[in-house]
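Colleague: Below you will find the structure I want to go over with you.
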Amino acid sequence: MVIVADQPVDKKSTHKKLGARHKARRRAVDLLFEAEARDIDPADLVAERLDLAGRDEQVAPVNPYTRTLVEGVADDLDRVDGTIESYLQDWTLARLPAVDRAILRVAVWELFHANDVPPVVAVDEAVELAKELSTDDSPAFVNGVLGRIVSLADQVRAAAAATRRDTGA
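Residues in the sequence shown are numbered from 1 upward in steps of one, following the numbering used here.
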C-alpha cells in the first residue's frame, strides 16, 4: 500500500485496472450500454466500430477480447438475461441501471463461456467495473447476484464441455 496525497492507493488494484483484459471488459460494457441505448444489436455496433477503426486511425481499434465478449453476449442474450433475472432478488432486469445490466451480462457470459477465466476473476472484474462505472451500491449488488450464479456456471461449463466431447468440436 502506498500513500499518495494522504490517500492510500493499492498498487495491486491500480495495476489490474490497466490490464488489457480489464480494458477489454470495460469497453465491452461501454458498447453493450451504447447498443441498448441506441436500440441496436451489439454485434452490429462492434462491426460498425471495427469498420470505423479500419478507416480512421484516430478511432481506437476494438480489442479482440472486447469483440468476443460483445458478440458472445449478443449471441447468448436470452440465456444470459434469463439467468440474471432468475437470480435477482426483489428486482427485475428492466429496473436495474443500464450500466449494471451491461456489467452483469459480461460477467455471466464469462462465467458460462470463458474457460480461461476463473469464475472468481469474472466476479472480481465485474465488481471492479461496478466501482468504476456505477452507483455506490452497485459493487455489492453485482457481487451478490454473481455470487449466486457462480455455482450454476460450473454446471454450464461442464455441460458445454460434454457437448464438445460428444460432437467432437
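We treat Cβ as the ideally placed atom computed from N, Cα and C, and that holds for glycine.
Rounded to the nearest angstrom, what separates T163 and A153 at their Cα positions?
Modeller: 15 Å
Colleague: Among P139, S151 and V46, whose alpha-carbon lies nearest the alpha-carbon of P64?
Modeller: Among P139, S151 and V46, the Cα nearest to that of P64 belongs to V46.
Colleague: Excluding the 5 residues flanking T66 on each side, which residues of the same chain have their C-beta closer than 6 Å to its C-beta?
Modeller: A24, R27 and A28
Colleague: Do W70 and L129 have their C-beta atoms closer together than 8 Å?
Modeller: Note on residue identity: the sequence assigns Val, not Trp, to residue 70. The answer is no: Cβ separation not under 8 Å.
Colleague: Just how far apart, CA to CA, sit A161 and D116?
Modeller: 13 Å
Colleague: Report all residues from its chain with a CB closer than 7 Å to the CB of G168; omit the five preceding and five following residues, and keep chain order.
Modeller: none
Colleague: By DSSP, does E57 sit in helix, in strand, or in coil?
Modeller: For E57, the three-state secondary structure derived from DSSP is coil.
Colleague: Taking L96 as the reference, give the member of E48, D56, T135 and R21 with the closest Cα.
Modeller: T135
Colleague: Taking the C-alpha atoms as reference points, what is the distance between H113 and Q58?
Modeller: 32 Å
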